[in-house]
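Mapping the sequence shown onto the working numbering, position 143 (from 1) lands on 231, and the numbers just tick up by one.
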Amino acid sequence: MRTLLQRVSHASVTVEGRITGQIGPGLLVLAGFSPTDTTSSLDWMARKLTQLRIFADEEGKMNRSVQDVGGQVLVVSQFTLLADARKGNRPSYIGAAPPPVAIPLYEQFVQQLEQLLGQPVATGEFGADMQVELLNDGPVTIVLDSPE
């Protein structure tokens, strides 16, 4: 599993003119799933994202997590995170899980985040053509790969 997370002041995702998810201060998480991802991959990533200390404390140091600051989370599925562009000019996506595998992983990941945060997690719409709008705060942008 690979995620690209951004600390945001606000973010939203729109599908066919309707907003499917939006948040205030918190994390925008773009999530890509591979066919080899497991429940432990999802658990590791959910715990890492909720505990990662990338929000400012009283002294302005990045010393607080999204949980600590009561931030919100928006998760958007993005298979292109697993693109392999090392050869040629057209990326290969064979490393990305196909929808029948990725959809349950995505749904389980969102549920795990909701349990850890104790609040609903906003989402995009799996497989849809989405427009993502955000205001990156910092900017802070981090790529995380699960350990497997």
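We treat Cβ as the ideally placed atom computed from N, Cα and C, and that holds for glycine.
These figures come from a predicted structure and were not determined experimentally.
Does the Cβ of Gln-139 have 16 or more other Cβ atoms within 10 Å, making it buried, or fewer, making it exposed?
exposed
Thr-168 versus Leu-204: straight-line alpha-carbon distance, rounded
26 angstroms
Should the segment 91-109 be regarded as contacting the segment 215-224, the criterion being three or more beta carbon pairs within less than 8 angstroms?
yes
Skipping 5 residues on each side, what residues in its chain have a beta carbon closer than 6 angstroms to that of Tyr-194?
Ser-165 and Phe-214
Excluding the 5 residues flanking Gly-109 on each side, which residues of the same chain have their C-beta closer than 7 angstroms to its C-beta?
Ser-100, Val-101, Leu-162, Ala-210, Thr-211 and Gly-212
For Ile-142, count neighbouring Cβ atoms within 10 angstroms of its own Cβ and tell me buried if that reaches 16, exposed if not.
buried
Determine the DSSP secondary structure at Gln-94, reduced to helix, strand or coil.
strand
For the segment 167-204, which segments carrying the alpha helix (DSSP H) assignment without a break, of at least 4 residues, lie completely within its bounds, in sequence order?
none
Rounded distance between the beta-carbons of Gly-114 and Val-154, thought under 8 angstroms
6 angstroms
Taking 9 angstroms as the threshold (C-beta atoms), are Ala-184 and Phe-121 in contact?
yes
Nearest-angstrom Cα separation, counted from Leu-137 out to Glu-202
12 angstroms
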